[in-house]
Amino acid sequence: MLRSESPVDTVTLADAIARRLTQYGVEHVFGIPGTHNLELFRSLGTAGIEVISAHHEQGLGYAADAYSRVSSRPAVVVTTTGPGITNLITALATSLAASVPVLAIAPGIPEGGADGRAGWLHDLPSQLGLMSRLVRSRRAQSGAAAVSFIDEVARSWQTERPLPAYLEVPFDRFTAEEELILGELPAFDTGSGWPAQAEINRAAQRLVEAERPVIVAGRGGANPEAAGSVRQIAEALGAPVVTTANAKGVLDETHPLSLGVSLRVNAAKQMLERSDAVLVVGSDLGSSEFWGPCPALGETMIRVDVDAQMMHANARAPFPLLGRSELVMPRLAAAVAERRGAGSASNAWDAADLEAVAADLAAYGDGYRRFHEHVQDLTDPLDVAIAGDSSQVTYFGTATYWKAQRPNRFLYPAGYGTLGYAIPAAIGAVLTGEVDRVVAITGEGGMLFSVQELATAAELGLPVVTIVFTNGGYQEIRDGMDSAGIAPVGVSFTAPDFVSLARGFRIEARSVVADGMNEIGFREALEWALAKNEPTLIEVDVTGTMRR
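Note that my numbering has the sequence shown beginning at -18, numbered continuously upward.
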């Protein structure tokens, strides 16, 4: 909830930042203190903002990313100069790929040394220039400038595509005092009047006249208003709904019209090509979702997007609807209902078409099915989040076989495809207070990129269940090398004893050997872990049993 604050007389630059953040309702900051940012942590504490720390800035950034996704609130990360901010870059790029609003704040080298090698500790030539290539960035010399940039970023998150941003402050300026009246938060025009009603009506008419409509939901549709409208339109037209990985659960995946995360399979691509009206909500239709080029959509696409630059990305949209999905989609749903009438339509497609999509999906990673069915059975689908990695168990397993019933409960670094996301993302998710249980599901390759964050989960006493599948290396890359006739190299390694490793972090752990798909042992281990109100780990050895 946004708050206003009475004018103040004299504040430091660090105080100005902290107070503005509290006005925007920031309660948690993900941060690692360092020599150059200590004064900012003093101000955060004075402002009553809780600091969540981690053991690597990349994990810090992943936790912030997941915190924002699950809570639907922006997240703030604070690092130190040089290695602190460069360690964060991969996580920020992950948020950039998924349009997650994260504000990174870091100190910079003082004026006169910021652009060259002046010999400062953590010296990085043109730190601001580096960050400016990635995200909206500003170097602030005063509290007024810092507050102005925070307001600019807040405006962009409410009126544009919500992307990460970076605020830099020369470390010798944090204690600089100035007369500053923070005042009330600025009001932003969120674009409630656009697009024009005539454009909405034209798109609705196209949908109602279609014989084979399909809806593609991306992360831009993963908010309650847009998701509710997706369901209304789907049911009114009998239109199947396909989602991107980041939009999993926009339509309850137990709904008969849900085709889940299936853009990558041929049967779903063929449906899109045969459709005479494709409604795309907040997706760039990128090759990372299709695992290849976007299918030919012809002249049938209705596209809802807040970013004008994305309106024709990868496929031209004859029916563009520019605006925030939470504002546009309810209007479109109302226009469809007005033309279609009350009640639900029968499925516009033959059952064989939908069954073909399910069969194509089952061809990938079917060995992970039973494990995810146990996760489904033993957790409340409305009160759990699953964090994954760019690992086979996630994109062949969780994405397909765990049925999400709400959006923003499947946490996955789609698009940028990083490793090491699962554990810190699970930490960020549980800290929101929005879900009771969080399960991190990953492979040993991804696990080792951020295994140190088990220490964070243990220190905070968070009830995160980590499930790590071990198969002797990077199986997907090994398969790719085999398929290309390349002698496998750099893809096999001996995993550590994860049970002993977890216990070294004072985390209780168990192991299961998936000999002939030993689901009984896994289910018992999962029941044990979920009964604990503390972090736990289950190691599942699938070496030799999991092949695509």
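Backbone N, C-alpha and C fix where the C-beta goes; we use that ideal spot for every residue, glycine too.
Notebook entry, point to check: Where do the N-terminal and C-terminal ends of the alpha helix (DSSP H) with Y48 fall, by residue?
Noted result: 38 to 52
Check: Exposed or buried, N514, counting other C-beta atoms within 10 Å across all chains shown (16 or more means buried)?
Finding: exposed
Check: Using DSSP with H/G/I as helix, E/B as strand and the rest coil, what is L363?
Finding: coil
Check: How long is the line joining the alpha carbons of G15 and P106, rounded to whole angstroms?
Finding: 19 Å
Item checked: CB contact flag (T423, D370, <8 Å) -> yes
Check: So, helix, strand or coil for F377, using DSSP?
Finding: helix
Checklist line | N- and C-terminal bounds of the alpha helix (DSSP H) containing S80 | finding: Per DSSP, S80 belongs to no alpha helix (DSSP H) and is neither H nor E.
Note to self: At 3 residues or longer, what runs of the beta strand (DSSP E) sit wholly inside the segment 291 to 338?
What the structure shows: 300 to 303
Margin query: Per DSSP, what are the beta-bridge partners of V261 in this structure?
Written below: V197, R284
Item checked: Local Cβ density within 10 Å of V523, reported as buried at 16 or more and exposed below that -> buried
Check: Are I488 and T517 close, meaning C-beta to C-beta below 8 Å?
Finding: yes
Next item on the list: Out of A185, D132, V420, point me to the one whose CA is closest to L218's CA.
Entry: A185
Margin query: Looking at the secondary structure, which residues open and close the beta strand (DSSP E) in which V567 lies?
Written below: One cannot answer for residue 567 here, as it falls past the ends of the chain, which runs -18 to 529.
Next item on the list: Measure the Cβ-Cβ separation of L392 and F430 and say whether it is below 8 Å.
Entry: no
Next item on the list: Apply the 10 Å Cβ neighbour rule to M527 and answer buried if 16 or more other Cβ atoms are within range, or exposed otherwise.
Entry: Residue placement at M527 is flagged as unreliable, the pLDDT there being 45, under the threshold of 50; the coordinate-derived value follows with that caveat. Label assigned to M527: buried.
Item checked: A337 beta carbon less than 8 Å from that of A366 -> no
Notebook entry, point to check: Can you list the beta strand (DSSP E) stretches of 3 or more residues lying completely in the segment 197 to 281, in chain order?
Noted result: 222 to 224, 258 to 262
Check: Whose C-alpha, out of A226, V211, G201, L77, is nearest the C-alpha of F377?
Finding: A226
Next item on the list: Count the CB pairs spanning the segment 461 to 479 and the segment 64 to 78 that are closer than 8 Å, and state whether there are at least three.
Entry: no
Next item on the list: Spatial neighbours of A294 within its chain, please: CB distance less than 6 Å, with the 5 preceding and 5 following residues excluded, ordered by chain position.
Entry: D265
Checklist line | Residue from D463, Q456, Y402, D286 with nearest C-alpha to L435 | finding: Y402
Notebook entry, point to check: L363: buried (16+ other C-beta within 10 angstroms of its C-beta) or exposed?
Noted result: exposed
Next item on the list: Could you spell out where the beta strand (DSSP E) holding D522 opens and where it closes?
Entry: 517 to 522
Item checked: Complete beta strand (DSSP E) runs within the segment -10 to 31 (minimum length 3 residues, chain order) -> -9 to -7, 9 to 12
Checklist line | Completely contained alpha helix (DSSP H) runs for the segment 410 to 481, where each covers 4 or more residues | finding: 425 to 428, 434 to 441, 456 to 464
Next item on the list: Let me know the secondary structure DSSP gives R390 once reduced to three states.
Entry: coil
Notebook entry, point to check: Is the segment 18 to 31 touching the segment 146 to 161, taking contact as three or more C-beta pairs under 8 Å?
Noted result: yes
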